[in-house]
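K.L.:
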Amino acid sequence: MIACLFSGGKDSTLAIHKYVKNGKDVDLLITMDSRNEYSYMFHKPNIEFTKLQAAALGIKQIFAHTKGEKERELDDLEKIITKNNVTEIITGATASMYQKKRIDDICNKLAIAHVSPLWHIEPVTELQEIASDFNAIITQVSAEGFDESFLGVQITSELIERLINLNMKYKINLTFEGGEAETFVLDAPLFKKRIKVKKFRKEWKGGVGKYIIEEAELTDK
Numbered sequence: 051m052i053a054c055l056f057s058g059g060k061d062s063t064l065a066i067h068k069y070v071k072n073g074k075d076v077d078l079l080i081t082m083d084s085r086n087e088y089s090y091m092f093h094k095p096n097i098e099f100t101k102l103q104a105a106a107l108g109i110k111q112i113f114a115h116t117k118g119e120k121e122r123e124l125d126d127l128e129k130i131i132t133k134n135n136v137t138e139i140i141t142g143a144t145a146s147m148y149q150k151k152r153i154d155d156i157c158n159k160l161a162i163a164h165v166s167p168l169w170h171i172e173p174v175t176e177l178q179e180i181a182s183d184f185n186a187i188i189t190q191v192s193a194e195g196f197d198e199s200f201l202g203v204q205i206t207s208e209l210i211e212r213l214i215n216l217n218m219k220y221k222i223n224l225t226f227e228g229g230e231a232e233t234f235v236l237d238a239p240l241f242k243k244r245i246k247v248k249k250f251r252k253e254w255k256g257g258v259g260k261y262i263i264e265e266a267e268l269t270d271k
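Note that our numbering gives residue 160 to position 110 of the sequence shown, counting from 1, and the numbers run on in steps of one.
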């Protein structure tokens, strides 16, 4: 059983595409819904709508709940991996040793493979690939230099230029692995249908801006 730790953001979605491009299939999506808004491991914004992405991909999804307690949340993931006889797990890790090491530890313990197609990818290269082939929007920002104008905006060549300027001025991580921003994929090459956002709202609290999807549906491409 080949599984992907799937958040619905640009990284895990791109990781699936790179894996499939190499002639392999993904059998299962594992999505962890954390009760902790500030989980160290798991993506939170708009996580409920990953169910639409799973349907668009045509891949079975396990949507699991976790309290999101530091370190203990990894036990919840390990149980799912074990229960489903996963032999290989794909992640969208790009640079964070904190996340990669913990998945590596689980995989070593269970004697299964950890595949990270994006590990140490050049950030602008990744963003350009997303801009070229995907419709991915920014759904959360939480770093100096970001403002409400970034929320809900698709990653395009124009946005990449804005991000590069922010990187030069504020040293943000361009892959967002430091938590600077979160994303959500509305369409991708492997999607059989695209996701249309029908209703959303924006929130801004204490330096954190959120684009919250309230209603969405699958539509024909």
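Glycine included, every Cβ here is placed at the ideal spot set by N, Cα and C.
Please read all numbers here as calculations on a predicted model, not as lab measurements.
1. Have a look at residue 113 and residue 100 and give me their C-alpha separation to the nearest angstrom.
2. Here's a check: name, in chain order, each residue in its chain whose Cβ is nearer than 8 Å to the Cβ of residue 58, leaving out the five neighbours to either side.
3. What does DSSP give as the partner residues of residue 81 in its beta bridges?
4. Hey, would you say residue 227 sits closer than 7 Å to residue 161, going by beta carbons?
5. First and last residue of the beta strand (DSSP E) that includes residue 190?
6. Where does the unbroken beta strand (DSSP E) through residue 129 begin, and where does it stop?
7. Beta carbon of residue 65, beta carbon of residue 167: below 7 Å?
8. In this structure, how does DSSP classify residue 144 when only helix, strand and coil are distinguished?
9. What residue range is occupied by the uninterrupted beta strand (DSSP E) comprising residue 161?
10. Rounded to whole angstroms, what's the CA-CA distance from residue 75 to residue 128? Just pull it up for me.
11. How is the beta strand (DSSP E) around residue 237 delimited, first residue to last?
12. For residue 171, name the three-state secondary structure that DSSP assigns.
13. Whose CA, out of 254, 214, 203, 77, lies closest to the CA of residue 135?
14. Roughly how many angstroms separate the alpha carbons of residue 84 and residue 211, rounded to a whole number?
15. To the nearest angstrom, how far is the alpha carbon of residue 109 from that of residue 72?
16. So for residue 99, helix, strand or coil by DSSP?
17. Near residue 152, which residues of its chain fall below 6 Å by C-beta distance, leaving aside the five closest residues on each side in sequence?
18. For the putative contact between residue 244 and residue 271, defined by C-beta atoms under 8 Å, what is the C-beta separation to the nearest angstrom?
P.N.:
According to the structure shown:
1. Their Cα atoms are separated by approximately 9 Å.
2. Within the same chain, and ignoring the five residues on either side of residue 58 in sequence, the residues whose Cβ sits closer than 8 Å to its Cβ are 81, 93, 96, 97, 99, 100, 103, 234, 235.
3. Residue 81 is bridged to 113.
4. No, the Cβ-Cβ distance between residue 227 and residue 161 is not below 7 Å.
5. 185 to 191 is the extent of the beta strand (DSSP E) around residue 190.
6. In the DSSP assignment, residue 129 falls outside any beta strand (DSSP E) and within the unbroken alpha helix (DSSP H) covering 122 to 133.
7. Contact: yes.
8. Correct three-state label for residue 144: coil.
9. Premise fails: residue 161 is in no beta strand (DSSP E) and is neither H nor E.
10. Going by the C-alpha atoms only, they are around 22 Å apart.
11. Run containing residue 237: 231 to 237, per the beta strand (DSSP E) assignment.
12. Three-state result, residue 171: coil.
13. In this structure, 77 is the residue among 254, 214, 203, 77 with its C-alpha nearest to the C-alpha of residue 135.
14. The straight-line gap from Cα to Cα measures roughly 33 Å.
15. Using only the alpha carbons, I get a separation of about 17 Å.
16. DSSP places residue 99 in helix when its eight states are reduced to three.
17. 124, listed in sequence order.
18. The C-beta distance from residue 244 to residue 271 rounds to 5 Å, short enough to fall under 8 Å.
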